[in-house]
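**Q**
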Amino acid sequence: MKLQILHCKKFLAYVATQKPRIVDYLTKRLWLNHPKELSPTASTIEQPVERGLSEAALVCITAYPLADVQVKNHETMMNTTAAKPELQGILFSSAGVPAPLVSAAVKTLPGKVLVPAAVDQVQGQALAALQGLKVIEADIEPSDLCTRREYARWLVSASSALSRNTTSKVYQAMYIQNITELAFDDITPEDPDFASIQGLAEAGLISSKLSRHDISSTLDEDQGPFHFSPESPLSRQDLVSWKMALEKRLLPEADGKMLRQVSGFIDTDKIHPDACPALVADLSAGEQGIIALAFGYTRLFQPDKPVTKAQAAIALATGEASDMVSEELARIEAESMAENAVAAHSALVAQVEKDINGSFEKELSIEREKVEAVEKMAEETKQELERLRSERERDNISLMREQAAIESEMEVLSKLRYELEEQLQGLMSNKVEVSHEKERINKLRKEAEIENQEISRLQYELEVERKALSIARAWAEDEAKRAREQAKALEEARDSWERRGIKVMVDSDLREQESAGDTWLDSSEQFAVEETVGRAENLLAKLKEMAREVGGRCRDIIEKIIQKIALVVSNLRQWISNAGEQGEDLKNVAISRASRSATEVQQSIAELRLAVKVGAKRVVGDSEAPKTLANPFARLRSFGSSLSEKAMAPKQPNTGLFVGLNKGHIVTKKELAPRPSDRKGKSSKRVLFVRNLIREVAGFAPYEKRITELLKVGKDKRALKVAKRKLGTHKRAKKKREEMSSVLRKMRAGGGGEKKK
1 MKLQILHCKK FLAYVATQKP RIVDYLTKRL WLNHPKELSP TASTIEQPVE
51 RGLSEAALVC ITAYPLADVQ VKNHETMMNT TAAKPELQGI LFSSAGVPAP
101 LVSAAVKTLP GKVLVPAAVD QVQGQALAAL QGLKVIEADI EPSDLCTRRE
151 YARWLVSASS ALSRNTTSKV YQAMYIQNIT ELAFDDITPE DPDFASIQGL
201 AEAGLISSKL SRHDISSTLD EDQGPFHFSP ESPLSRQDLV SWKMALEKRL
251 LPEADGKMLR QVSGFIDTDK IHPDACPALV ADLSAGEQGI IALAFGYTRL
301 FQPDKPVTKA QAAIALATGE ASDMVSEELA RIEAESMAEN AVAAHSALVA
351 QVEKDINGSF EKELSIEREK VEAVEKMAEE TKQELERLRS ERERDNISLM
401 REQAAIESEM EVLSKLRYEL EEQLQGLMSN KVEVSHEKER INKLRKEAEI
451 ENQEISRLQY ELEVERKALS IARAWAEDEA KRAREQAKAL EEARDSWERR
501 GIKVMVDSDL REQESAGDTW LDSSEQFAVE ETVGRAENLL AKLKEMAREV
551 GGRCRDIIEK IIQKIALVVS NLRQWISNAG EQGEDLKNVA ISRASRSATE
601 VQQSIAELRL AVKVGAKRVV GDSEAPKTLA NPFARLRSFG SSLSEKAMAP
651 KQPNTGLFVG LNKGHIVTKK ELAPRPSDRK GKSSKRVLFV RNLIREVAGF
701 APYEKRITEL LKVGKDKRAL KVAKRKLGTH KRAKKKREEM SSVLRKMRAG
751 GGGEKKK
């Protein structure tokens, strides 16, 4: 440790004399990062810090040799120039020579790099320093080829960031539309590096259309295109000429012959004449020149050979930028030394912790031995106690054996008792299950009997209802046909009266009634029977489900019940089919009865027509009573109007007439026709009787619709009673028609007496 401290002190003394800037930077960095460790009170940390400094110093001396080279850059510049007698007496141009154009060999893009170029350590340090100064991007590879675009961008960036003299800085150019002249035809304002390339051209550092206007040239060259070729690789002569044009405001006047004498290159005939002054100026710097640092010793310059990015970085780090690069390298060295010092301190702390842990483990092992000895004594004592306890347990076991024998006998007795109780409980549960099954079977049997009784009752009721509805339908059809026949007869009477000059007003309802077809519903539609069949099928499903759940004799009984119910259902369906056939027969019988009723109605109408004709002849033949003649015509008009009012169709007519059925009576909302102005007094009882009778006959049509509705809901008992009551009303109507026939016969017989009155 003492030798290391000694070595560190010697190294610090050397660094303080040779590299004071590194020492200052390192001291500041250590004080900023570790203020407590470097304080005067922290005497215990001085040795690790000195040790870390010594190790970091040794590493930095071997890893960063460029620092000494860059420090000696300015010191050897003039000495090297003075040591070369060939450069003495050379004249310098006043304005410098712009860098040459891109050659035809460089315009073609190179192929794939199969063997990459070796990167010198000095070049790598320069590239790292420029990356730290944000001049070159951090994601580039040193061995990649450098393009003209990249070198132009880095050259302008290095001039702005590394040059301390404002007169040697190159700024990026701006573009003003219609004012700024483009330096190159292939570099437009949309190019990302337009500002840097245009700035170099406007500064006169590279040949462009702007510099061609200033230098004497022919008119043909002025009119031709001028390209920069930004994606082409950077050549050696462009690397040196662009940098020297920026560094030296005055370049020496030189040609190829002078360049051969100064450099010893054997391929000077390939070098562009405009690049000779820049190459001579770079060679005057000796070992610190771009050619020496980038290409090393060579007799073939190869001006069109591409350069790598590491060579471009060493070119940017020479000249005025060397100070900034040296400082950056010093900063990097200081950071490395500080990191090494911190690492050494961390290693020392780890070593101290390791020593402390070792001593702690040693003391801990001693304590563990003591604890083990105490535990051994405790174990011996425990064994003695175990021996005493085993003796006591043997005594207790002898007592417990006797107690266990007694308990085992009691347990056997209790187990036997428990088994007997379980058997008894099983028998009781079986008995209860048997009783439940019996009750369930009895219940199912009762339900089946009830269902059978209900089915029989429903069959009987349905048969009665079917017969009643069939009778009601037959009567309704019969009466409806008779009413239509009577209306037709009255219509014929009206036509005959009109032919004789007697006008009778009758609505078109009678025509509609006459042309209306028969209303008939199939009596085989047995809704209640179908409902009964549905209930029976549901019962069958329930019984089948119950049969699956139970077993044994109960299941056999349920299956027998299911068979009986299925037989009943099949009989019901057979009965439904037979009822349909019977309905057809009843329909035929009703049609025959309706035809006979129509014949009777026709006879009654004929009698009525004859009576009306006789009365009309008597009225016409009486020439002595003109006023009395008007009265029969008025009666006829009243008769015709009442007839048109009371005639009804199966649906409501468009004349506003509405006639309905209300408890067997005729209801109308249309008022009767107005009486004639010459009619005075009241009608005779005979006329009123005939009018009311005709109303009854003409108003029979709504019964057809009403009875049809009743037949549709035939399963309703109340509706069946209403239908029966309506049938009684029809009988009364038939009786009235018979009375009307007798009255007409009497009118025909006593026509002479009525005329005299």
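For reference, each letter of the sequence shown is one residue, going 1 to 757 in UniProt numbering. Every residue, glycine too, gets a C-beta built ideally from N, C-alpha and C. Just so you know, these numbers come straight off a predicted model, no measurement behind them.
(1) If I measure Cβ to Cβ from Lys-663 and keep anything under 8 Å in the same chain, skipping five residues before and after, which residues do I get?
(2) In its own chain, which residues sit with a C-beta less than 8 Å from the C-beta of Glu-231, not counting the 5 before and 5 after it?
(3) Give me the Cα-Cα distance between Phe-633 and Arg-499, rounded to the nearest whole angstrom.
(4) Distance, Cα to Cα, Gly-286 vs Leu-316?
(5) Kindly list the residues whose CB is nearer than 7 Å to the CB of Asp-282, restricted to its own chain and excluding five residues on each side of it in sequence; keep chain order.
(6) Start and end of the alpha helix (DSSP H) containing Cys-276?
(7) Using a Cβ distance threshold of 8 Å, determine whether the region 153 to 171 contacts the region 125 to 143, with at least three qualifying pairs required.
(8) Where does Pro-252 fall in DSSP's three states?
(9) My output table needs one value for Ile-206: the three-state DSSP class, helix, strand or coil.
(10) When the Cα of Leu-259 is compared with those of Lys-248, Arg-212 and Cys-276, which residue comes out closest?
(11) Do you know offhand how far Ser-677's Cα is from Ser-470's?
(12) According to DSSP, simplified to helix, strand and coil, what is Thr-188?
(13) Rounded to whole angstroms, how far is the Cβ of Val-119 from the Cβ of Ala-294, which I believe are closer than 8 Å?
(14) Among Pro-233, Thr-381, Val-568 and Lys-736, whose alpha-carbon lies nearest the alpha-carbon of Gly-111?
(15) Could you give the residue range of the alpha helix (DSSP H) that holds Asn-165?
(16) How about Ile-558 and Ala-566: do their beta carbons lie closer than 7 Å?
(17) Starting from the C-beta of Thr-298, find all residues in its chain whose C-beta is less than 7 Å away, skip the five residues before and the five after it, and write them out in chain order.
(18) Tell me the DSSP secondary structure of Pro-233 in three-state form.
(19) For Ser-163, tell me which candidate among Glu-320, Pro-192, Asp-144 and Gly-296 has the shortest Cα-Cα distance.
(20) Give the DSSP-derived three-state secondary structure of Thr-381 in the structure shown.
(21) Rounded to whole angstroms, how far is the Cβ of Phe-228 from the Cβ of Ile-266, which I believe are closer than 8 Å?
(22) With DSSP collapsed to three states, give me the class of Leu-145.
(23) Buried or exposed: Glu-545, going by 16 or more other Cβ atoms within 10 Å of its Cβ?
(24) What did DSSP end up calling Thr-268 once you bin it into helix, strand or coil?
(25) Tell me the rounded alpha-carbon separation between Ile-187 and Lys-209.
(26) Under 8 Å Cβ to Cβ from Gly-199, same chain only, skipping five residues before and after it: list those, please.
(27) Can you look up Pro-303 in the DSSP assignment and give me helix, strand or coil?
(28) Have a look at Pro-303 and Ser-235 and give me their C-alpha separation to the nearest angstrom.
(29) Please report the residue range of the alpha helix (DSSP H) in which Phe-295 lies.
(30) By alpha-carbon positions, which one of Ile-314, Asp-323, Met-324 and Asp-269 ends up nearest to Leu-300?
(31) Of the choices Ala-579, Ala-117 and Asp-585, whose alpha-carbon is the least far from that of Glu-463?
(32) Could you spell out where the alpha helix (DSSP H) holding Gln-311 opens and where it closes?
(33) Would you report the Cα separation of Ala-338 and Ala-347, rounded to the nearest angstrom?
(34) Beta carbon of Asp-185, beta carbon of Arg-153: below 7 Å?
(35) Should Arg-392 be labelled buried (16 or more other beta-carbon atoms within 10 Å of its own) or exposed?
**A** Walking through what the data contain:
(1) In this predicted model, Lys-663 has a pLDDT of only 37, less than 50, meaning its place in the structure is not dependable enough to derive any value.
(2) Leu-109, Thr-147, Arg-148 and Arg-149
(3) Model confidence at Phe-633 stands at a pLDDT of 41, short of 50, so the residue's coordinates are unreliable; what they give is reported in the following sentence. Spanning the two alpha carbons is a distance of roughly 15 Å.
(4) 16 Å
(5) Val-240, Met-244, Gly-289, Ile-290 and Ile-291
(6) 276 to 283
(7) yes
(8) strand
(9) strand
(10) Cys-276
(11) Residue confidence is low: Ser-677 scores 43 on pLDDT, short of 50, so the model does not pin down where it sits. No coordinate-derived value is stated.
(12) coil
(13) No, Val-119 and Ala-294 are not in contact; Cβ-Cβ is about 11 Å, not under 8 Å.
(14) Pro-233
(15) First-last for Asn-165: undefined, no H or E at that position.
(16) no
(17) none
(18) strand
(19) Glu-320
(20) helix
(21) Not confirmed; about 30 Å, so no contact.
(22) strand
(23) exposed
(24) helix
(25) 12 Å
(26) Val-156, Val-170, Tyr-171, Gln-172 and Ala-173
(27) coil
(28) 6 Å
(29) 290 to 295
(30) Asp-269
(31) Ala-579
(32) 309 to 316
(33) 14 Å
(34) no
(35) exposed
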